[in-house]
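The structure appears below as structure tokens.
Number of protein chains: 2
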Amino acid sequence: MDITRYLERRRAEVDKAIRKFLPPHGAGKPSGLHDAMRYAVLSGGKRVRPVLALAACEAVGGRARDVMPAACAIEFIHSYSLVHDDLPCMDDDDERRGSPTCHRKFGEDTALLAGDALLTLAFTTLASPTNGAALTTRAAARRLEALRRVADAAGVHGMVGGQAVDMAYQGREPDLPTLEYINTHKSGALIAVSAEVGAYLGGGTLSQVRAIHRYGRAVGLLFQIVDDILDREGYAKLIGVPEARKEAQDLLAKAKKYVEPFGGKGRALAALADFVFMRTY
Amino acid sequence: MDITRYLERRRAEVDKAIRKFLPPHGAGKPSGLHDAMRYAVLSGGKRVRPVLALAACEAVGGRARDVMPAACAIEFIHSYSLVHDDLPCMDDDDERRGSPTCHRKFGEDTALLAGDALLTLAFTTLASPTNGAALTTRAAARRLEALRRVADAAGVHGMVGGQAVDMAYQGREPDLPTLEYINTHKSGALIAVSAEVGAYLGGGTLSQVRAIHRYGRAVGLLFQIVDDILDREGYAKLIGVPEARKEAQDLLAKAKKYVEPFGGKGRALAALADFVFMRTY
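Chains A and B, in that order, are what the protein sequence lines are.
Basically the numbering used here = 1-based index in the first sequence + 20.
Basically the numbering used here = 1-based index in the second sequence + 20.
The structure is reproduced here in structure tokens:
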């Protein structure tokens with residue numbers, strides 16, 4: 021399958037949905053905050069997480085519209101984390117994807133609040149009806165469970181926890197267990213939960229959701245290791261590039277094995293794992 | 021009724037529940053973040069918002085345990101907002117309630133992340149079962165709706181929006197409509213939704229929930245105006261102290277009128293409005 025074309029198509033769907041949930045441009049007070057939120061979410065980004073969610077939904081034969089709010093919510097969480105990570109008290113970055121970071125463009129106070137507002141918007145979005153139609157009681161209960169899993173992956177036991185440990189090790193080399201903690205939490209948890217809730221909200225069975233969650237964990241770790249190989253950082257620095265490459269290959273094989281039972285419907289998930297491994301984007 | 025004793029009793033219940041939801045002290049990685057979260061939530065605070073939620077539940081004859089997770093979640097949101105407001109890029113405060121602010125004690129990066137983690141924890145808490153027992157489908161659907169209302173009150177159309185407008189007016193005087201926007205959003209929205217979801221999750225009828233939401237809006241505004249009178253700021257500065265006092269009296273009367281139909285069960289809500297008006301604490 022042509023994964024680039026698949027990504028393009030899915031990304032366009034996601035971007036369309038994202039725009040519906042964001043506060044519109046020029047919609048009154050507080051306009052600076054609205055603009056900063058839109059800037060943080062709409063200036064680039066491959067939408068890897070929402071596309072994973074949609075591909076996972078596809079694998080279990082679900083409907084994209086049941087997953088889209090969660091997919092957008094996860095992208096809002098990813099965006100907020102980048103805005104806060106770039107702040108002077110964190111990584112102090114001036115540029116992201118070739119453009120000024122949110123705080124360089126809108127000021128630190130507005131960037132801080134834009135991050136807070138995006139994180140909050142993620143949960144509004146997860147709790148909102150799709151296309152204006154009220155949720156059935158059953159669908160609402162599923163949403164609540166999906167939301168709980170997303171919040172868990174984003175919070176102190178997930179992404180923010182990983183970020184805190186990463187910050188604590190600035191300027192010194194973490195040992196392997198610490199590095200694994202950072203990798204599975206800082207970036208891995210949100211990637212894993214993207215695939216998981218895609219399968220869950222798509223109506224997957226318990227064992228299907230489990231398999232796709234495992235796939236997501238492998239892809240999340242793969243994502244980080246490929247980053248490390250490209251930057252000669254983290255894993256690649258600690259165990260060497262050849263070893264890290266071998267680890268990446270193992271993770272890729274694992275990820276693909278988990279989605280094998282889904283046959284043709286799991287094709288996009290398998291191709292996405294290849295894509296993360298190749299990192300040609 | 022003895023409102024001080026009532027507040028004490030309810031506050032103890034809330035604090036007990038809050039401790040269950042917070043990451044425990046000394047519970048492994050990332051311990052600095054855990055400590056900062058606990059510090060932000062557990063060092064003082066009157067728990068006005070959770071107590072309002074519990075009193076609203078009482079007014080509709082509901083069970084406190086159905087409301088407690090939402091009550092704690094709202095306190096986590098309130099706590100995160102204080103941590104972020106105190107940061108150098110916002111109000112740059114060194115002390116809160118006579119102790120060092122979170123960033124003075126734990127560093128700016130940890131304080132930022134502790135705020136993020138508390139906001140996320142609020143939604144984990146709102147989505148979690150009470151006392152470990154799984155939620156019925158019906159209860160889960162109610163939780164999702166309560167969560168949506170809380171997220172709405174906390175985000176860009178509520179608290180964060182009010183905060184952004186307030187920051188934009190630093191160093192110049194806002195006009196009356198702007199000041200009203202700030203008051204109803206920055207502090208008012210979260211107070212109003214506390215009462216509202218307390219009634220909603222307590223099983224109140226549509227018209228009961230509406231009345232208590234109106235009560236909450238009046239109390240939220242009252243809270244801010246009393247603050248302004250004490251500080252000779254905002255409202256009191258713009259329309260003068262005697263006018264602001266009159267406004268406060270009107271709001272108190274309004275709030276009490278809304279809860280009159282609840283009779284004896286609404287006694288705590290009425291007493292809480294009096295208490296906010298007197299601000300003897």
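All C-beta atoms, glycine included, are put in the ideal place defined by N, C-alpha and C.
Interface flag, threonine 300(A) vs chain B, CB-CB below 8 angstroms: Residue confidence for threonine 300(A) is low, a pLDDT of 40 falling below 50, so the modelled location carries little weight and cannot support an answer.
Backbone CA spacing between cysteine 77(A) and aspartate 86(A) [nearest angstrom]: 9 angstroms
Outcome for leucine 196(A) when other beta-carbon atoms lying within 10 angstroms are tallied against a minimum of 16: exposed
Paired residues, beta bridge with proline 115(B) - DSSP: The amino acid at residue 115(B) is misidentified as proline; the sequence shows glutamate. In DSSP, glutamate 115(B) forms a bridge with Pro120(B).
Distance between glycine 208(B) and arginine 67(A) (C-alpha atoms, nearest Å): 36 angstroms
Alanine 275(A) and alanine 264(A) closer than 8 angstroms at C-beta: no
Contact between the segment 175-184 of chain B and the segment 50-66 of chain A (3+ Cβ pairs under 8 angstroms): yes
Threonine 150(A) - partner residues in DSSP beta bridges: Ala153(A)
Contacts that phenylalanine 143(A) makes with chain B (C-beta to C-beta distance below 7 angstroms): Phe143, Leu167 and Ala171
Exposure of proline 149(B), with buried meaning 16 or more beta-carbon neighbours within 10 Å: exposed
Host alpha helix (DSSP H) of methionine 57(B) (start-end): 51-62
Outcome for methionine 298(A) when other beta-carbon atoms lying within 10 angstroms are tallied against a minimum of 16: exposed
Member of Gly260(A), Gly52(A) and Leu72(A) whose CA lies at the smallest distance from the CA of valine 239(A): Leu72(A)
Chain B within 8 angstroms of proline 43(A), Cβ atoms only: yes
Any C-beta of chain A under 8 angstroms from that of lysine 125(B): no
Chain A contact residues for isoleucine 194(B), given Cβ-Cβ distances below 7 angstroms: At residue 194(B) the sequence reads proline, which differs from the isoleucine that was named. Here the premise fails: no neighbours, minimum Cβ distance about 11 angstroms.
Alpha-carbon to alpha-carbon, threonine 145(B) and cysteine 92(B): 8 angstroms
Rounded straight-line distance, which links the Cα of glycine 135(A) to that of serine 99(A): 8 angstroms
Among Ala288(B), Pro50(B) and Pro89(B), nearest to isoleucine 38(B) - alpha-carbon criterion: Pro89(B)
Distance CB(isoleucine 249(A))-CB(alanine 273(A)) smaller than 8 angstroms: no
Rounded separation between proline 44(B) and glycine 65(A) - CA only: 36 angstroms
Beta-carbon contacts of valine 261(A) that lie in its chain and below 8 angstroms, excluding the five residues immediately before and after: Ile249 and Arg252
Three-state secondary structure (DSSP) of aspartate 22(B): coil
Nearest to glycine 81(B) (by Cα), restricted to the options Leu42(B), Asp270(B), Pro194(B) and Ala288(B): Ala288(B)
Chain-ordered chain B contacts of histidine 54(A) [CB-CB under 8 angstroms]: Val176
The segment 98-115 of chain B touching the segment 279-287 of chain A, judged by at least three CB pairs closer than 8 angstroms: no
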